[in-house]
Structures are given as C-alpha cells and as structure tokens.
Amino acid sequence: MEKTLCLHVAEDPHNPNAYRATLRAWPPDETEVAAFINFDKALIPQDGGDFTIAAIRQRFATVRGEDDRFTAIGHHLFQLIAQGGLAQHFQSPGAGEQIVLEVEAEELRSLPWELMMRQNLPLFFQTQRRFYRGRLRLNAALPEFAWPLRILVVVGSAPNDPAVQAEEELSELIHALIPIEAQVDLKVLRNPDPAEIRKHCSGQPDAFNPHIFHFIGHGGVDGDEACLHLYDVQSRQDQVWTAADIQG
C-alpha cells in the first residue's frame, strides 16, 4: 500500500537562527513523526559564495541548458535536510512511498528544491520513493470538477531551440496521455503572446480555462521578479512575462 509523507520545512519555532524540517505521515498523526532535524540558517548564507539564496536563484533562473553547478546545488539542498533521523530515513529504499515537500519558510520557497540530488541521482525522478512539491491541507474545499481534463501547453521557446527540445517534450507528453486520451482535452499554443494566453485562461464560459497549464521554454528574472520568456517569431526576440503579469 502506498504511503504518503509530508516533508515540511519552516522556521524553527524555538530558534530564530534555524530552520526545522519535519517528516510526518499524512494525513497528520501527532503520534507519528518519522523524523525531524534543525539546520542552521548559516548553511544558506545571506552573502558570499555559490550557495546563497540569491546566487542559487540567479543561476537557476538565468543559465540555459545543462550546468554542472545544478548538480552541486542539488546536492547542497539535499544535505541541508539529510541529517540525523532524516538521513537515516532516506537511506532506506522507500518503495511505495511518496513524499510531498512543503516549504513554508518564505525565504526558502524560491529555491529550486526540485534539483535535490542524492548520490548523483535526482530525488524528483525516483520511481520507488516519489517526490512532489506542493501544499497539503486537510478538508480543503475543492472546486467542482467537470470532465474532460483540460491541459493547456504553451511552447514559449524559439522553434528548434536545442536547449529546450520542445517538440521532443511535447511528443513524450502526448504519448504519456494515450491511455487516458478520451478523458483529456489537450490544447497546444506555439509562440503565443501574453494576450492570447490570457484569452484562453480568462475564466469566461467560452474560454478554454485549463485545469493544468504546462509551459515549455526558458525562464529568468526581470529585476527581482521571476519571469517566463515568450519568443516572438516576428521580431525574433523574447518577450518577458513576469509573475505579476501572469497573476494579473
């Protein structure tokens, strides 16, 4: 039987200079805490070196293609939590276990935890112990759902961009949906502008209004704000689509 655990990372309530990572069963059972550790905030320094929050964010947001530093960042993020009882837990095979990583500490949310690696293997690509990132809430009110499942895929990269390989990813996505294709409505937008994307996500009755929005392309930072890059075929330039624009 599959077992769900929540790995919760937050400020240490007893020490303003530390974070606490707690691994517990889900739904929560106060009597069953698998493990918890405290790690010093100095392990993610505010300035100096490659592993400050700003340095990690900047490298992840701006480097295109493969980068050896991503491996180093992934190992560093894993080592932050792989201590004490948590380290012992991750040494087990973890078959049939899924872990949802919930980062509550605001200053840590923007870090690319999805890069976490153990022994050069990315945790989020494991098949025995599966990792997800999200938020777990008891008794959360779910919106009314109506089939089919609507998936909007936006290809934002330039055609034939070797760093993205959008067509290969799109082909794999379509192949993965074959077993449930009768239950899925898939729409693909290639190199749209922000207005076209918003039109499909407007919430109006005649709009597509996807349940899932999947972006294929490059991201970055615009000042201090995260953004997506939308390649304009006419100008052959990237348009910047910031988080504020997306939310608006």
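Residue numbering for the sequence shown follows the numbering used here, beginning at 72 and increasing consecutively.
Here a beta-carbon is modelled for each residue, glycine too, at the ideal position from N, C-alpha and C.
Environment of residue i [buried if 16+ CB atoms lie within 10 Å]
| i | result |
| --- | --- |
| PHE209 | Note that residue 209 is Leu in the sequence shown here, rather than Phe. Burial call: exposed. |
| SER228 | buried |
| ALA217 | exposed |
| ILE170 | buried |
| ILE152 | buried |
| VAL134 | exposed |
| HIS144 | The question names His, but residue 144 is Ile in the sequence shown. The residue is buried, with at least 16 neighbouring Cβ atoms inside 10 Å. |
| LEU114 | exposed |
| LEU213 | exposed |
| HIS246 | exposed |
| GLY167 | exposed |
| ALA211 | exposed |
| GLY288 | buried |
| ILE127 | buried |
| ALA125 | exposed |
CB contact check: residue i to chain B, cutoff 9 Å
| i | result |
| --- | --- |
| PRO87 | Checking the listed chains, one finds no chain B in this structure; it contains a single protein chain. |
Those residues which DSSP pairs with residue i across a bridge
| i | result |
| --- | --- |
| CYS298 | GLY291 and THR313 |
| PHE258 | The amino acid occupying residue 258 in the given sequence is Lys; Phe does not appear at that position. For LYS258, which the question treats as bridged, DSSP gives the partners LEU223. |
| GLN308 | ASP303 |
| LYS270 | LYS270 is not bridged to any residue. |
| ASN109 | ARG91 |
| ALA81 | ARG91 |
| PHE284 | LEU223 |
| PRO193 | MET188 |
| LEU76 | ALA96 and ILE170 |
| PHE57 | Residue 57 is absent from the structure shown; the chain starts at 72 and stops at 319. |
Cβ distance (whole Å) where residue i is taken to contact residue j below 8 Å
| i | j | result |
| --- | --- | --- |
| HIS160 | ALA89 | Contact doesn't hold; Cβ gap of about 20 Å is too wide. |
| PHE202 | LEU172 | 6 Å |
| ASN191 | THR142 | 7 Å |
| LEU244 | LEU186 | At roughly 21 Å, the Cβ-Cβ gap does not stay under 8 Å, so LEU244 and LEU186 are not in contact. |
| PRO233 | GLN199 | Actually they do not touch by this definition, with Cβ atoms about 32 Å apart. |
| THR313 | ASP293 | 5 Å |
Sequence-distant residues of its chain with Cβ nearer than 6 Å to residue i (five each side left out)
| i | result |
| --- | --- |
| VAL304 | ASN262 |
| PRO183 | PHE131 |
| ILE283 | ILE222 |
Cβ neighbours of residue i in the same chain (closer than 7 Å, five flanking residues each side left out)
| i | result |
| --- | --- |
| LYS270 | ALA278 |
| HIS331 | As shown, the chain starts at 72 and ends at 319. That puts residue 331 outside it, with no answer to give. |
| PHE286 | VAL225, GLY227 and LEU299 |
| GLY274 | ASN280 |
| VAL255 | PRO219, LEU220, ILE222 and LEU248 |
| ASP83 | ALA89, TYR90, ARG91 and ASN109 |
| CYS77 | ARG95, TRP97, VAL171, GLU173 and LEU207 |
Neighbourhood of residue i by C-beta, 8 Å cutoff - its chain only, sequence neighbours within 5 removed
| i | result |
| --- | --- |
| GLY205 | VAL171, LEU172 and GLU173 |
| GLN310 | ASP264, PRO265, HIS300, LEU301, TYR302 and ASP303 |
Please list the segments of the alpha helix (DSSP H) lying wholly inside the region 135 to 185, counting only runs of 4 or more residues, in order along the chain.
139 to 152 and 155 to 162
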